[in-house]
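K.L.:
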Amino acid sequence: MVSIEVPAVAAQKTPIRGKYLLRVVALGYLALLLLLPMALLCYRAFGHGLGALWSSFTTSEARSAVVVTLIVAGCAVALNTVFGVGAAILLVRRSFPGRRILDVLVDIPQAVSPIVVGLALILVYGKFGIVGGWLERHGIQLIFSLPGIVLATAFVSLPLVVRAVAPVLAELGDEQEQAARTLGASAWHTFRRVTLPSIRDALVYGVVLALARSLGEYGAVTVVSGRVVGKTLTMTLLIDDRLQNFDQQAAYSMAVLLALLAVGALLISRRLQSRARRLV
Amino acid sequence: MVAMPRTVVALVLASTAVVATACSSSTASSAGGGDVTLNLVAYSTPAPAYAKLIAAFQKTAAGEHVKFTQSYGASGDQSNAVANGQAADVVEFSLETDMTKLVKKNLVADDWNAGQYHGFVTDSVVVFVVRKGNPKDIKDWPDLVKSGIKVLTPNPFSSGSARWNILGAYGAAKKAGDSDQQAGDYLTSLFKNVPVQDASGAKALTDFTSGTGDVLISYENEAIYAQQKKQSVDYVVPNDTLLIENPIAVTTTTKHPQQAEAFLDFLYSKAGQQIFADTGYRPVVQGVTPKTGAFPTPSGLFTIGDLGGWHAATTKFFDPTNGVLTKIEKSLGVSTTK
Amino acid sequence: MSRRRNSARRAGQGTGIGVGLATLYLSLLVLLPLGAVAWKAQSGGLAHAWGQVTAPQPWAALKMTLAVSVVVTLINVITGTLIAWVLVRDDFAGKRAVELLIDLPFALPTIVAGLVLLSLYGPTSPLHVDIAFTRLAIGLALLFVTLPFVVRTVQPVLMELDRDMESAAALLGASGLAVVRRVVLPNLLPAMLTGAGLAFGRAIGEFGSVSLLSGNLPFHTEVSAVNIYNQIQSDNPVGAAAQSTMLLAIAAVVLLALGLYRRRASRG
C-alpha cells in the first residue's frame, strides 16, 4: 500500500509566490516536532561526556538487553524475509484464488495497536491459550519467553519486506524469468539466479526497514515479555526500567543508541531504494 | 551483501537453533553440575534490595549452588504475568490481592500466609514525598487538599501502590473522626488536586522527581530509595497512616521447592531482614534496626484489617462500576477542565 | 502506487505450496491471534462485551482517543501535503537531511519518541514549555508518530503530476491559488486520503509515546490503548478483548471508507 518514495527527479521550482512562507512553515513545523526533540536527546545523552555514556552501555543489563534485542530482531526479520520474498512473488507473479485477500491481509499488522498484538498473542500462545496450552503440556513455553517476543516483533514488522520487494518485482516485469524458463531452468533455479539478484537492493532495503522496526518495538513487547533480566529484557524495556530507577543517563544513552540505529537504517535504506528504482 | 537463498536458509536455521536454545534455557530451571536456577518475579521497588539479598544468600551454604533469574515490574503486571504462565519459583508483590490472584489459580498454595509472619516479608508505611526542604510545608493529610497543592498518586485501577495510598487517605480521615461520607468527600477533594495518575507507583515516583507535583503519596521505602539515588526529596510520615505489608511466597509450580524455601528462610533471617532494613523496608522480624537509625513509629498506625480486609476494600472502593473511586474519577473527568 | 508492466500472472510451479505456506504463516501469526481477540470479546456474550466497551472509563478513553486522532489526522493532511509540496517543489540547503528525517518516526521506538517529547515539552523543558499530562500532549505524541504518513503518500503523486495542466491553467489566467485548488489538490486528494487513513489507524492504537507523555488520567488523558493495557493487567481479558475488537473494527471501517471514497475520487 505505501511505499516510501525518493525524489529521483531534481526539485521543480514553484512559480507560486509565498514559496518562502511555505518553506518556513514546513521547516518550522518539522523543527518543533522532530528536530528539536532529537537534538535535545543527543544533548541529554552526551551531555555528561562520552565516559558516562559508555559506562551505561557496559553494565551487564545493557549488554544483555542489546544481545536479547539483536536475537529477537534477527529471528523476526529472518522469518519475515522468507515470508516477504515468497509473498511478493505470489502476489506479483502468480494468480490464485484469494490473491486480493492475501494482498489485504499482509497490510493488517499496520492497523493493529501494539497492545492488541500482545493481547492477541497471549490469547493464543499463552499458557491458557489454544495453542499455548498444548505446547505447555509438551514443555514448550512461548509467551514470557524469548519466542513470544519474536512472535510479537514478527507480527509488527510483517508487511515491511513484502511491500519493499513487491513494487520492484512488478516494475521489473518477468521477461527475464520467462526467458530463463524457456531455456529450461527450473523454478528454483530461476528464482535463485534471475529473480533474487534483480530484487537484491529492494530486498536489503526491506530487511533494513524490518530490522529497524524490530529493534524498536515496545508496546507489544511490554505485554508479552516477562522482563527477566538477561533473558527477555529488550533495549526498549530497559529504557523503561532505567527511567523508573532514576538512571536518566542510562535511559537516554539507550534511547540515543536506538535513535542512531534508526537513522542509520534510514540512510542505508534510502540509498538502496534509489538504487533499486534506478535499475527499473 | 546479497541474500542468497542458501544464506537465507542457513540464517533461518541458525536463528531457529538460537531461539530453540534460548527458549529451552529460559524454561529449564537447572543447568548442569548440581546448579539450580530459581526464577524470582517481584514488583519493581525491591530490585536493589534483591541484588544484595541474592548475593548474600549465595554466600551461605544453602545458597551456594543457586542461581537466580530476576524479573521486576509493576506489581499487578507481574502477578498477571505469572497467572498467565510466566515461570516463577518465588514471587513477591506489593499488595495481598496480587497474591490471592495466584492462589485462586492454584499457583500459590492456600496456606501461604499461615506462617509466623502471615506471608509478609517486609512492611512499609504510606508517606508524603515532598521536595527537599518541604517548601510547601506539607505535614498531614488535610494539607493535601489545600487549593493549589498538586498531589501525585498512581492510577488505582492499574497500580497496587495507588490502592494503599487511597486506603491510607481514607483510613486517616476516618481516624480523624470523619464519617464514611466525609471520608469519601475527602478523597474527592484529594483527587481534584491530582494532575496525573501514572500506571505504576514507580512511574509516579519518576514523574515526581522530574518536577511534576508538590507532593507524592507513596511508600516509605520508595522515598528512601529515591534519597539513596540522590534525588532531592524529603518525606513526611503522617501520624495516621496505613501499614503496608508486602506478601511473598513460593509457587506451587516450582521445580526446586527446597531451595526456594531456603531462600525464603534467608529473607526472614536477621541477615536478610537487615539488608531489607538498610534498603528502606521495615523489617517484620524483631530486633533489626537499619544502619541509619530506627524507623519512626506513627502514633496512629492502622492496618488493612482495620478497613475490613482487602477483599471488602477492593469491592467497596475499586469495583469498576460502583466503586467509590470509580465514581470519583468519573465525576472529576467531567468537571475538570485543562 | 507503482506502475505495473503487463506481465501475465499464472498459477505456475510451486504456487500451491507457496500459497499454502504463506497462508499458514499468516494464520499462525496474524489471523488466529486476531480471531482469538474477537472470540474472547464475545465469550461472555455480546451484551457483556458491549457493556465492557461502554463502561464509563473505557468509553471515555475511546471517545477521547477518537477525537484527538481525528484532529491529528486533519492537521496531518494539511501539514503533510505542505511538507510534501516543499520537498518536491522547493530546494534549499539541507533538504536531503530533511528528506531522511521525515521517516524517523517510522523507525524510532515509540518509547524513545515519548521520552524526547517529554524532555522538550515536559517539566524539565529547556524552553519552559510544559504541556505534559494534558490532552495537548497526546496530540503532540500522535503528531510525531503519524508525521510521515501523509507526506510519503502525497510526495510521489506530486512528483509525477503533469505540470502542463498547471501551466495551462495559469496561462488561462487562473491565479496561483486557484491553480492549486482546482488543478493540483483534486489530483492529490486520493493520496491525501490514503495517508489520512494510515495516520488515523496508527493514531488510535498508539501506546508507547502517549503513555509516557499523557499522564494517563482516567476520564481525561487516558487513551484506549492504555486502558486496554490496564484491563489486561487487571485480569480482565474479556474487557481488553472487547475494546481491542472495537479499535480494530473502527480502523477497518475507516480504511474501507477511505478506500471506497478514493476509488470514487480517482474515477471522477
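Chains A, B and C supply the protein sequences, listed in that same order. Count along the first sequence starting at 1, add 857, and that's the number in the numbering used here. Count along the second sequence starting at 1, add 12, and that's the number in the numbering used here. Count along the third sequence starting at 1, add 565, and that's the number in the numbering used here. Idealized CB from N, CA, C, for every residue including glycine.
1. Is C35(B) helix, strand or coil when you go by DSSP?
2. Measure the alpha-carbon distance for E234(B) versus S779(C) and round it to whole angstroms.
3. Helix, strand or coil for Q82(B), going by three-state DSSP, please let me know.
4. On the three-state DSSP scale, how would you describe P688(C)?
5. So which residues on chain B does L1100(A) lean against when the C-beta distance must stay under 7 angstroms?
6. Does DSSP put N167(B) in a helix, in a strand, or in coil?
7. Would you grab the beta carbon distance between S83(B) and V1086(A) for me? Rounded to a whole angstrom, and I think it's under 8 angstroms.
8. Quick one, are the C-beta atoms of V618(C) and Q808(C) less than 8 angstroms apart?
9. Excluding the 5 residues flanking A1122(A) on each side, which residues of the same chain have their C-beta closer than 6 angstroms to its C-beta?
10. Does the distance from the CB of L156(B) to the CB of T224(B) come in under 8 angstroms?
11. Could you tell me the boundaries of the alpha helix (DSSP H) in which E664(C) lies?
12. Using the beta-carbon of each residue, which ones in chain A are nearer than 9 angstroms to I793(C)?
13. Is there contact here, the stretch 1094-1111 of chain A with the stretch 1030-1043 of chain A, by at least three beta-carbon pairs under 8 angstroms?
14. Taking the beta carbon of W153(B) as the centre, do at least 16 other beta carbons fall within 10 Å, making it buried, or is it exposed?
15. For H995(A), count neighbouring Cβ atoms within 10 angstroms of its own Cβ and tell me buried if that reaches 16, exposed if not.
16. Compare the Cα-Cα distances from L276(B) to each of N96(B), T49(B) and V103(B) and report the closest residue.
17. Going along the chain, which unbroken runs of the alpha helix (DSSP H) with 4 or more residues stay wholly within the stretch 974-1006 of chain A?
18. Going by DSSP, which residues form a beta bridge with V1085(A)?
19. Give me the chain B residues within the contact set of T580(C), using Cβ-Cβ distance strictly less than 9 angstroms, ordered along the chain.
20. Could you list which residues in chain C have their beta carbon closer than 7 angstroms to that of P894(A), in chain order?
21. Residue ranges of each alpha helix (DSSP H) run of no fewer than 4 residues wholly in the stretch 788-820 of chain C, ordered along the chain?
22. With distance defined between alpha-carbon atoms, name the residue in E232(B), E273(B) and G312(B) nearest to P295(B).
23. Can at least three beta-carbon pairs, one atom from the stretch 201-217 of chain B and one from the stretch 117-124 of chain B, be found at a separation below 8 angstroms?
24. Using DSSP with H/G/I as helix, E/B as strand and the rest coil, what is P332(B)?
25. Quick check on F940(A) - is its C-beta less than 8 angstroms from some C-beta in chain B?
26. From P783(C) to S159(B), what does the alpha carbon distance come to, in whole angstroms?
27. Does the beta carbon of F698(C) come closer than 8 angstroms to any beta carbon on chain B?
28. DSSP beta-bridge partners for P295(B)?
29. Return helix, strand or coil for A68(B), following the three-state DSSP convention.
30. When the Cα atoms are used, what is the spatial distance from Y247(B) to F314(B)?
31. For S917(A), count the other beta carbons within 10 Å of its own beta carbon; 16 or more makes it buried, fewer makes it exposed. Which is it?
32. Return helix, strand or coil for I781(C), following the three-state DSSP convention.
33. Could you please give me the residues that DSSP links to Y247(B) through a beta bridge?
34. Return the CA-CA distance between L813(C) and R717(C), expressed in angstroms with no decimal places.
35. Return the Cβ separation of L1003(A) and Y982(A) in integer angstroms, given the expectation that the two are a contact with Cβ distance under 8 angstroms.
36. State the CB to CB distance for the pair F709(C) and L889(A), rounded to an integer number of angstroms; the pair is presumed to be in contact (CB under 8 angstroms).
P.N.:
Considering the structure as presented:
1. Taking the second sequence and counting its residues from 1, the one referred to as residue 35(B) is at position 23. Any reading at C35(B) must be qualified, since the residue scores a pLDDT of 45, below 50, and its modelled position is unreliable; no value is offered.
2. As a position in the second sequence, residue 234(B) is number 222, starting the count at 1. As a position in the third sequence, residue 779(C) is number 214, starting the count at 1. Looking at the two C-alpha atoms, the distance is approximately 23 angstroms.
3. Counting from one through the second sequence, the residue named residue 82(B) turns up at place 70. Note: Q82(B) maps to strand in three-state DSSP.
4. Counted from its first residue, the third sequence places residue 688(C) at position 123. If DSSP states are grouped into helix, strand and coil, P688(C) belongs with coil.
5. Start at 1 with the first residue of the first sequence, and residue 1100(A) comes out as number 243. Near L1100(A) (Cβ distances below 7 angstroms), the residues of chain B are T218.
6. As a first step, residue 167(B) must be located in the second sequence, where it is residue number 155. Of the three classes helix, strand and coil, the one that applies to N167(B) here is coil, per DSSP.
7. In the second sequence, counting from the first residue as 1, residue 83(B) sits at position 71. In the first sequence, counting from the first residue as 1, residue 1086(A) sits at position 229. Confirmed, Cβ separation roughly 7 angstroms.
8. Walking along the third sequence from the start, residue 618(C) turns up at place 53. Walking along the third sequence from the start, residue 808(C) turns up at place 243. Yes, Cβ-Cβ distance for V618(C) and Q808(C) is below 8 angstroms.
9. The sequence position of residue 1122(A) within the first sequence is 265, counting from 1. Contacts found: V1065 and A1069.
10. Here residue 156(B) is taken as the residue at index 144 of the second sequence, counted from 1. Here residue 224(B) is taken as the residue at index 212 of the second sequence, counted from 1. Their beta carbons are not under 8 angstroms apart, which means L156(B) does not touch T224(B) by this criterion.
11. As a first step, residue 664(C) must be located in the third sequence, where it is residue number 99. Where E664(C) is concerned, the enclosing alpha helix (DSSP H) stretches over K660 to I667.
12. Position 228 of the third sequence holds residue 793(C). The answer, in chain order, is S970, I972, V973 and L976.
13. no
14. Taking the second sequence and counting its residues from 1, one reaches residue 153(B) at position 141. When all chains shown are included, W153(B) counts as buried.
15. Numbered from its first residue, the first sequence carries residue 995(A) at position 138. Classification of H995(A): exposed, given that the 10 Å Cβ count is below 16.
16. Taking the first residue of the second sequence as 1, we reach residue 276(B) at position 264. Closest by alpha carbon: V103(B).
17. 987-994
18. Position 228 of the first sequence, counting from 1, holds the residue named residue 1085(A). Its beta-bridge partners are S83(B).
19. Against the third sequence, residue 580(C) aligns to sequence position 15. Those within 9 angstroms of T580(C) in chain B number zero; the least Cβ separation is about 18 angstroms.
20. In the first sequence, counting from the first residue as 1, residue 894(A) sits at position 37. Here the neighbours are V681, L682 and L685.
21. 789-798
22. What you label residue 295(B) is simply residue 283 of the second sequence in a count that begins at 1. The shortest Cα separation from P295(B) among E232(B), E273(B) and G312(B) belongs to E232(B).
23. no
24. Stepping through the second sequence from its first residue, residue 332(B) is reached at position 320. If DSSP states are grouped into helix, strand and coil, P332(B) belongs with coil.
25. What you label residue 940(A) is simply residue 83 of the first sequence in a count that begins at 1. Not closer than 8 angstroms to any Cβ of chain B, the Cβ of F940(A) fails to qualify, so no.
26. Here residue 783(C) refers to the residue found at position 218 of the third sequence. Here residue 159(B) refers to the residue found at position 147 of the second sequence. Those two C-alpha atoms are separated by around 21 angstroms.
27. Counted from its first residue, the third sequence places residue 698(C) at position 133. At least one chain B Cβ lies under 8 angstroms of F698(C).
28. As a first step, residue 295(B) must be located in the second sequence, where it is residue number 283. Per DSSP, T134(B).
29. Translated into the one-based positions of the second sequence, residue 68(B) becomes position 56. Helix at A68(B).
30. In the second sequence, the residue the question calls residue 247(B) occupies position 235. In the second sequence, the residue the question calls residue 314(B) occupies position 302. Approximately 19 angstroms, taken between the alpha carbons.
31. Translated into the one-based positions of the first sequence, residue 917(A) becomes position 60. Looking at its Cβ environment, which holds fewer than 16 other Cβ atoms inside 10 Å, S917(A) is exposed.
32. By 1-based counting over the third sequence, the position of residue 781(C) is 216. Residue 781(C) is actually Asn in this sequence, not Ile. DSSP places N781(C) in coil when its eight states are reduced to three.
33. Position 235 of the second sequence holds residue 247(B). According to DSSP, which records beta bridges pairwise, Y247(B) is partnered with V141(B).
34. Position 248 of the third sequence, counted from the start, is the residue given in the question as residue 813(C). Position 152 of the third sequence, counted from the start, is the residue given in the question as residue 717(C). One C-alpha to the other measures close to 24 angstroms.
35. Along the first sequence, one-based indexing puts residue 1003(A) at 146. Along the first sequence, one-based indexing puts residue 982(A) at 125. L1003(A) to Y982(A), Cβ: 13 angstroms. No contact.
36. As a first step, residue 709(C) is located in the third sequence; it is residue number 144 there, counting from the start. As a first step, residue 889(A) is located in the first sequence; it is residue number 32 there, counting from the start. Contact flag wrong, Cβ pair sits at about 10 angstroms.
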